[in-house]
Amino acid sequence: MAPAVLWFRRDLRLADNLALVAAAGGGGGDGVVPLFVLDPALWRPSGEPRRAFLAGCLAALDEDLGGTLLVRRGDPAQEVAAVARHHSAEVVYVGADFGPYGRRRDEAVGTALRADGRRLVAAGSPYAVDPGTLENQAGQPFKVFTPFSKAWTAQGWPEPAPRPDVRFVRDLKGDVIPAAPTTTATLPAAGEAAGRLVLDQFLDAKVQGYAEQRNRPDVPGTSRLSVHLKYGTVHPRTVLARLGSSRGESTFRKELCWREFYADVLWNRPETSRRAFNPAMAGMQVDEGPEADRRFEAWAEGRTGYPLVDAGMRQLQAEAWVHNRVRMIVASFLVKDLHVDWGRGARLFLDRLVDGDLASNHHGWQWVAGTGTDAAPYFRIFNPVSQSRKFDPKGIYLATYLPELAGLPPDDRHEPWRARAKGADLGDYPEPIVDHATEREEALRRYAATRAN
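To get this note's numbering, take the position in the sequence shown, counting from 1, and add 95.
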């Protein structure tokens with residue numbers, strides 16, 4: 096028998112990998128050729144943190160494969176077909192890709208393989224429940240999270256797949272695994288072993304307190320699994336199999352469901368990666384021009400004068416990651432205090448985040464902006480000062496990322512302009528770029544005008 100080809104994409108692991116199981120059992124009698132294609136259409140627009148983490152994942156996967164990972168660079172339709180042809184492989188196995196680009200790419204690869212009398216076969220995906228699986232009672236896609244989550248839970252998912260005993264082979268010249276691009280951000284360890292370690296540490300030490308601590312950026316209460324779910328070094332099925340029914344575990348299960356909900360939304364509405372999910376909100380007035388550009392740059396650099404916003408944006412620069420509660424607050428500030436279009440912020444996040452995922456990122460931004468799936472969203476305008484006091488009461492998170500404020504008493508860190516008025520030296524830390532109360536009213540005025548139209 097000819098070997099099977101396993102084309103890795105967002106499943107850079109050997110455990111609980113349905114595509115690997117399929118390759119081992121469906122034509123892998125002479126082994127499995129492990130292939131990864133560096134697609135310029137994905138590599139070029141990815142920010143440095145994502146490219147660096149991917150390079151680390153590929154190096155780790157190659158080591159786990161005993162040095163047999165075949166890396167090719169170029170158009171997947173040409174490269175996958177060439178590898179299959181060289182090995183006389185009848186089938187190329189993949190984990191399904193449900194993103195807009197991935198669907199188009201896989202159609203092209205399937206066409207190229209069929210021209211040679213070969214097939215592209217999908218087994219599994221990066222999700223516990225594949226996007227497009229669930230529908231409401233009217234046979235339509237879900238538009239609201241809560242009914243989706245009930246259907247998702249009722250649907251259920253299989254147990255993690257065992258790792259098959261398979262021989263990996265390679266006798267074709269490939270490209271070298273790319274060196275990790277230089278990035279100023281401190282990135283997490285890459286690869287399957289690193290992902291499993293992060294999962295173990297979360298379940299051993301954090302998950303029981305997750306419901307209470309997940310909104311606190313001043314404590315390490317989140318899972319930090321998002322980047323491993325993004326690249327498939329850990330599958331959500333593996334995580335779900337280890338979750339019990341405690342409050343913390345149930346809350347975390349719900350967060351995994353949010354990820355799958357947004358993937359389902361993008362599958363059914365691929366245009367929402369660029370346009371408002373709610374067409375009625377597409378006409379919302381946004382600010383453009385030099386002043387809007389100046390404010391956007393101040394926000395991106397963490398120099399708005401609002402400490403929680405600035406700390407979040409500086410964490411993004413330092414770690415290519417931001418605490419989820421803070422992501423919502425910085426997004427709300429850009430859209431509703433500075434009146435900048437949500438898409439501009441979403442694109443910057445996707446460029447800077449190591450865990451940048453199109454579905455989760457862009458629909459999370461739309462949720463905050465009021466253009467997305469929330470039933471009554473626009474009135475939610477986060478107050479950056481009250482949020483700071485509530486979720487970082489001692490200003491520990493603020494002091495970590497804003498050294499200008501670290502010397503202030505904890506209470507003064509939330510409103511440094513008051514400390515400055517009393518004579519405190521804050522160096523070049525800026526005054527507030529806008530007045531939140533004023534801009535909140537302006538945001539609501541724009542929303543009312545949009546609804547009236």
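Where is the CB? At the ideal position from N, CA and C, for every residue including glycine.
Let me know if D405 comes out buried or exposed under the rule of 16 or more other beta-carbons within 10 Å of its beta-carbon.
Taking the sequence shown and counting its residues from 1, one reaches residue 405 at position 310. That one is buried.
Which complete alpha helix (DSSP H) runs does the stretch 456 to 488 hold, if anything under 4 residues is left out?
With a minimum length of 4 residues, the continuous alpha helix (DSSP H) runs that stay inside the stretch 456 to 488 are 479 to 486.
Go ahead and label P498 buried or exposed: buried means 16 or more other beta carbons lie within 10 angstroms of its beta carbon, across all protein chains shown.
Stepping through the sequence shown from its first residue, residue 498 is reached at position 403. Classification for P498: exposed.
Nearest to G190 by CA position, among A117, D313, K431, C352, is which residue?
Numbered from its first residue, the sequence shown carries residue 190 at position 95. The option with the nearest alpha carbon to G190 is A117.
Is F148 closer than 8 Å to V322 when the C-beta atoms are compared?
Here residue 322 refers to the residue found at position 227 when the sequence shown is read from its first residue. Here residue 148 refers to the residue found at position 53 when the sequence shown is read from its first residue. The answer is yes: Cβ separation under 8 Å.
What number of angstroms, rounded off, separates the C-alpha of Y496 from the C-alpha of P195?
As a position in the sequence shown, residue 496 is number 401, starting the count at 1. As a position in the sequence shown, residue 195 is number 100, starting the count at 1. Whole-angstrom Cα-Cα distance: 36 Å.
Write down the C-beta distance between G227 and N363 rounded to the nearest angstrom, noting that I regard them as a contact closer than 8 Å.
Numbered from 1 along the sequence shown, position 132 holds the residue referred to as residue 227. Numbered from 1 along the sequence shown, position 268 holds the residue referred to as residue 363. Sure, about 7 Å apart at Cβ, within 8 Å.
Rounded to whole angstroms, what is the Cα-Cα separation between Q173 and P365?
The residue given as residue 173 occupies position 78 in the sequence shown. The residue given as residue 365 occupies position 270 in the sequence shown. Near 25 Å, if we compare the C-alpha coordinates of P365 and Q173.
Considering only their Cβ atoms, is the gap separating V435 from A377 smaller than 8 Å?
The count along the sequence shown starts at 1 and reaches residue 377 at position 282. The count along the sequence shown starts at 1 and reaches residue 435 at position 340. No, the pair does not count as a contact, with Cβ atoms beyond the cut-off.
For V421, does the three-state DSSP call read helix, strand or coil?
Working through the sequence shown from its first residue, we reach residue 421 at position 326. In this structure, V421 counts as helix in the three-state DSSP scheme.
Less than 8 Å between the beta carbons of P488 and Y401, yes or no?
The residue labelled residue 488 in the question sits at position 393 within the sequence shown. The residue labelled residue 401 in the question sits at position 306 within the sequence shown. No, these two residues do not count as a Cβ contact at 8 Å.
Using the Cα positions of W394 and C352, report the straight-line distance between them to the nearest angstrom.
In the sequence shown, the residue the question calls residue 394 occupies position 299. In the sequence shown, the residue the question calls residue 352 occupies position 257. Their backbone Cα atoms lie some 30 Å apart in a straight line.
Counting only runs of 4+ residues fully inside the stretch 180 to 257, write out the alpha helix (DSSP H) ranges in chain order.
Listed in chain order, they are 195 to 210, 240 to 250.
Taking the straight line between their C-alpha atoms, what separation do you get for R168 and G343?
Taking the first residue of the sequence shown as position 1, residue 168 is located at position 73. Taking the first residue of the sequence shown as position 1, residue 343 is located at position 248. In a straight line, the C-alpha of R168 is about 43 Å away from that of G343.
Could you have a look at V558 and say whether DSSP puts it in helix, strand or coil?
Residue numbering for the chain in the displayed model covers 96 to 548; residue 558 lies beyond these limits and cannot be assessed.
Looking at the unbroken beta strand (DSSP E) that takes in F103, where does it start and where does it end?
By one-based count along the sequence shown, residue 103 stands at place 8. Taken as a continuous stretch (DSSP letters only), the beta strand (DSSP E) holding F103 covers 99 to 103.
If you follow the alpha helix (DSSP H) that F347 is part of, which residue opens it and which one closes it?
Counted from its first residue, the sequence shown places residue 347 at position 252. F347 -> alpha helix (DSSP H) spans 342 to 363.
Looking at the strands, I want to know which residues DSSP matches up with P129.
Walking along the sequence shown from the start, residue 129 turns up at place 34. L101, per the DSSP bridge assignment.
For F474, count neighbouring C-beta atoms within 10 Å of its own C-beta (all shown protein chains included) and say buried if the count is 16 or more, exposed if not.
Sequence index remark: in the sequence shown, residue 474 carries index 379 (1-based). Looking at its Cβ environment, which holds fewer than 16 other Cβ atoms inside 10 Å, F474 is exposed.
Pop quiz: Y357 and S455 are said to be a contact at Cβ under 8 Å. What is the actual Cβ separation, rounded to whole angstroms?
One-based indexing of the sequence shown puts residue 357 at position 262. One-based indexing of the sequence shown puts residue 455 at position 360. Contact holds; Cβ gap of about 5 Å.
Using the three-state DSSP reduction, which class does L500 fall into: helix, strand or coil?
Numbered from 1 along the sequence shown, position 405 holds the residue referred to as residue 500. L500 falls in the helix class under three-state DSSP.
In this structure, how does DSSP classify R168 when only helix, strand and coil are distinguished?
In the sequence shown, the residue the question calls residue 168 occupies position 73. Looking at R168 - three-state DSSP - the assignment turns out to be strand.
Given R145, which residues of its chain have a CB within under 7 Å of its CB, disregarding the five upstream and five downstream residues?
The residue given as residue 145 occupies position 50 in the sequence shown. So the list reads V449, G451, once near-sequence residues are dropped.
In whole angstroms, give me the CA-to-CA distance for Y524 and P283.
Taking the sequence shown and counting its residues from 1, the one referred to as residue 524 is at position 429. Taking the sequence shown and counting its residues from 1, the one referred to as residue 283 is at position 188. If you take the alpha carbons of Y524 and P283, they lie about 29 Å apart.
Is the beta carbon of A336 sitting closer than 8 Å to the one on P255?
Residue numbering aside, residue 336 sits at position 241 when the sequence shown is read from its first letter. Residue numbering aside, residue 255 sits at position 160 when the sequence shown is read from its first letter. Cβ atoms of A336 and P255: closer than 8 Å.
By Cβ distance, which residues of its chain are closer than 7 Å to K349, with the 5 residues on each side in sequence left out?
Along the sequence shown, read from residue 1 onward, the residue named residue 349 stands at position 254. If we look at K349 and ignore the five residues flanking it on each side, its Cβ neighbours are S244.
State the DSSP-derived secondary structure class of K301, mapped to helix, strand or coil.
To locate residue 301, count along the sequence shown from 1; it is residue 206. Reduced to three states, the DSSP call for K301 is coil.
To the nearest angstrom, how far is the alpha carbon of V50 from that of V293?
In the structure as shown, the chain begins at 96 and stops at 548. Residue 50 is therefore absent and cannot be evaluated.
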